[in-house]
Amino acid sequence: MRLFKILFIASLKSQTQYAFDFVVNVIGNFLGVFADFLIIAMILIRFQNIQGWTLIEIAVIYSIIEFGFGVYRVIGDGLNNFETLILSGRFDTLLIRPASVLGQAMLQTVDFKKIGLVLQATLVGVWGLSQIEFAHSYAWAYLPTLYLASIVMNLLISILLASTAFWTGKNEDIVILGHYATRTAAQYPATIYHKFFQSVMTFVIPFFTITYYPLLFLTGKSQHSLYLLAPWLGIAILAPITMGVWKLGIKRYSSTGT
Amino acid sequence: MSYITVKNLQKNYTIYEKTGRLKRNKRIVKALNHIDFTVEEGAFLGYIGPNGAGKSTTIKVLTGIMTPDGGEAKVGDYVPYKDRKAYVQNIGVVFGQKTQMWWDLPVIDTYRLLGGIYKVPQKKFKHQLESLCDRLDLDEILHQPVRQLSLGQRMRAELGAAMIHDPKILFLDEPTIGLDIISKQKVNHFLTELNQGGKTIFLTTHDLKDIESLCEEMLILSHGEIIYKGAIAQLKSNTELPILVTAQLPLEQPLDALHHLKERYAFSFDQARSQLEIQLTEKKQVAELARTLFQEYDIQDFRVDEPSIEEIIKKIYT
Chain A
1 MRLFKILFIA SLKSQTQYAF DFVVNVIGNF LGVFADFLII AMILIRFQNI
51 QGWTLIEIAV IYSIIEFGFG VYRVIGDGLN NFETLILSGR FDTLLIRPAS
101 VLGQAMLQTV DFKKIGLVLQ ATLVGVWGLS QIEFAHSYAW AYLPTLYLAS
151 IVMNLLISIL LASTAFWTGK NEDIVILGHY ATRTAAQYPA TIYHKFFQSV
201 MTFVIPFFTI TYYPLLFLTG KSQHSLYLLA PWLGIAILAP ITMGVWKLGI
251 KRYSSTGT
Chain B
259 MSYITVKNLQ KNYTIYEKTG RLKRNKRIVK ALNHIDFTVE EGAFLGYIGP
309 NGAGKSTTIK VLTGIMTPDG GEAKVGDYVP YKDRKAYVQN IGVVFGQKTQ
359 MWWDLPVIDT YRLLGGIYKV PQKKFKHQLE SLCDRLDLDE ILHQPVRQLS
409 LGQRMRAELG AAMIHDPKIL FLDEPTIGLD IISKQKVNHF LTELNQGGKT
459 IFLTTHDLKD IESLCEEMLI LSHGEIIYKG AIAQLKSNTE LPILVTAQLP
509 LEQPLDALHH LKERYAFSFD QARSQLEIQL TEKKQVAELA RTLFQEYDIQ
559 DFRVDEPSIE EIIKKIYT
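The listed protein sequences correspond, in order, to chains A and B. Per our numbering, the first sequence starts with residue 1, numbered consecutively. Per our numbering, the second sequence starts with residue 259, numbered consecutively.
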């Protein structure tokens, strides 16, 4: 936590050195992503619903996934650019400091410009939640869990995918395919996808465990209350795998150099 | 007890060479081939070798960045690659080619951040900062963003960053690369002071003049093996390269006047310029030769050239 504070302040200072760029970028990000949501909204307004899911429910799903993604982009930008850290050899300089390597890599830069993403997800969420009707009254108490799980899930997936750079060097496309594409896919209910892709999104990059499954129960589309455990299960399984791969990657790095 | 102990250290790299469209050839390169050495606490060690000799690999092992394939390395009470976090608290590292500082922030901010990461107590930090500013001449650049610094200024700031937590040992990987003479002098002066203050310094460089003026001891690495370890003065006296004495005689000096020199020395005489060149194998012969020459001839110019450290090392490398 101390490390987090130190590096957080460093990044904030670095970025406020270019104040104008900063402001333009936050607005730009906000608008850019908002356009994405508008596209979904347009389609839904025309068709009223997608396989039984209303626009409002999809807005909630969208806000859950985007909120976690936005927070990850703010505090985990270093993981997003992990390949440059490896390719430039700057990863060495992290290893000579008495602090967590993962923490340092993640907080290379805190990208405050991506706050636009978080803001936008929050707005869509507030709108969706103000109109949604849950089948169970305790759903409200459960909601914070989903937003939190989304942050954790996004971070885990980014660490897992960033680790591939230890083997491949360049991994930009792996990250785009494995994280960006799946996160966009997770903005919609699972039923619109082929069975195979549903399995991928449940067991490999388990984004559906934080959106689709819990909401299936919360909105009354399913009676299985066990679906509420899905986020926990997803994280409980992904976390050790991710940390294992990361450690293996560091081990590989320290035995080969680059 | 030595401060750094390296025993039977091995490190291999696997290199894949493309031989066809899909085929590739595997080749093992021995970066470190069973090397042994020790360094005493407070030493100033120069670590040299041609490109690709394994210098950087050694530094990476000793700073805990890299795990060796075999053998062991110990610095103080730590095995660098095993106790990384605890170990790096006590070392400073400067990579001449990579910056450790926050590019967009003023130098002082990097120092404060590092102070936080290394958990340097407030009072000690202040004291260390003042002392570094003083010795490295940092006052004028302390509040400038790192990206605006010249190479020489940046290297001084970089040294400050490596010393802010007052480590016992400093590893330097080509710190003077690309620096002008004045900047180089400042850096070297600082390093000498540090060493006199009791810090152990491990320096790799290609600049042999730096090594000669800074280090007491030198390690020469070539193709993953240590080929020389010892004092620099020793290296100079051990060499088989000749000492060259050049004497200028008056023009139209008759050759036969030199005939009795011939009995004792192998010399060559350039008649057109009346220049006499004599190669000696030992330093103590110089005085005797000079006496003879000055007594018997009208010497107008006289020069003694000892083999330079560059020449000695070039001979060792090959």
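For every residue, glycine included, the Cβ atom is placed at its ideal position computed from N, Cα and C.
Check                                                                                                                         : Outcome
Interface residues of the region 208-230 of chain A facing chain C [CB-CB below 9 Å]                                          : In the structure shown, chain C cannot be found, because the protein chains are A and B.
A:Ile65: contacting residues in chain B (beta-carbon distance under 9 Å)                                                      : What A:Ile65 touches in chain B: nothing, since even the nearest Cβ is about 32 Å away.
Three-state secondary structure assigned by DSSP to A:Leu218                                                                  : helix
Pick from B:Leu538, B:Tyr555 and B:Glu568 that is closest to B:Val562, judged by C-alpha positions                            : B:Leu538
Distance, A:Tyr72 Cα to A:Leu12 Cα                                                                                            : 16 Å
When B:Gln454, B:Thr550, B:Ser532 and B:Pro508 are compared against B:Arg522, the one with the closest alpha-carbon           : B:Thr550
A:Gln15 - DSSP class collapsed to helix/strand/coil                                                                           : helix
Limits of the unbroken alpha helix (DSSP H) element including B:Ile490                                                        : Ile490 to Asn496
Local Cβ density within 10 Å of B:Leu417, reported as buried at 16 or more and exposed below that                             : buried
CA-to-CA distance, B:Gln411 to B:Met577, given in whole angstroms                                                             : Because chain B here runs from 259 to 576, residue 577 of chain B falls outside it and cannot be looked at.
Segment contact flag, the region 241-248 of chain A with the region 273-287 of chain B, C-beta cutoff 8 Å, min 3 pairs        : no
Cβ-Cβ separation, B:Leu472 to B:Leu452 (assumed contact under 8 Å), whole Å                                                   : Not quite, the Cβ-Cβ distance comes to about 11 Å (not below 8 Å), so this is no contact.
Exposure of B:Lys382, with buried meaning 16 or more beta-carbon neighbours within 10 Å                                       : exposed
Residues that B:Lys356 contacts on chain A, provided the C-beta gap is smaller than 8 Å                                       : Ser88, Gly89, Arg90, Asp92 and Thr93
Completely contained alpha helix (DSSP H) runs for the region 385-427 of chain B, where each covers 4 or more residues        : 409-421
Length of the line joining the Cα atoms of A:Lys5 and A:Ile132                                                                : 37 Å
9 Å Cβ cutoff met for B:Tyr575 and B:Gly310                                                                                   : no
Meets three-Cβ-pair contact criterion under 8 Å: the region 187-200 of chain A and the region 99-111 of chain A               : no
Validate contact between the region 481-497 of chain B and the region 322-331 of chain B using beta carbons, cut 8 Å, 3 pairs : no
9 Å Cβ cutoff met for B:Val264 and B:Thr315                                                                                   : no
4 or more residues per run - each alpha helix (DSSP H) lying fully within the region 78-138 of chain A                        : 82-87, 91-95, 101-106 and 115-131
Assigned exposure category for B:Arg414 - 16 Cβ within 10 Å defines buried                                                    : buried
Stretch pair the region 31-43 of chain A + the region 135-148 of chain A: three plus CB contacts closer than 8 Å              : no
Member of B:Leu409, B:Tyr305, B:Leu290 and B:Thr272 whose CA lies at the smallest distance from the CA of B:Glu470            : B:Tyr305
Contact set between the region 339-353 of chain B and chain A, restricted to residues whose Cβ is under 8 Å from the partner  : Tyr339, Arg342, Lys343, Ala344, Val346, Gln347, Ile349, Val351 and Phe353
Strand pairing of B:Phe295, partner residues [DSSP]                                                                           : B:Val264
Any chain B beta carbon closer than 9 Å to A:Ala10                                                                            : yes
Any C-beta of chain A under 9 Å from that of B:Thr322                                                                         : Here the sequence assigns Gly to residue 322 of chain B, which means Thr is not the residue at that position. Yes, B:Gly322 counts as interfacial toward chain A.
Contact set between B:Asp335 and chain A, taken where Cβ atoms lie within less than 9 Å                                       : Result: empty, since nearest Cβ-Cβ is about 15 Å, beyond 9 Å.
The region 227-240 of chain A / the region 201-210 of chain A touching (three or more Cβ pairs under 8 Å)                     : yes
3-residue-minimum beta strand (DSSP E) runs that sit fully inside the region 339-378 of chain B, ordered along the chain      : 349-353
Alpha-carbon spacing of A:Leu3 relative to A:Leu95, whole angstroms                                                           : 14 Å
Chain B within 9 Å of A:Ala165, Cβ atoms only                                                                                 : no
Limits of the unbroken beta strand (DSSP E) element including B:Gln533                                                        : Gln533 to Leu538
Under 9 Å between C-beta atoms of B:Gly334 and B:Lys426                                                                       : yes
Cross-strand partners of B:Gln506 (DSSP beta bridge)                                                                          : B:Gln533 and B:Asp559
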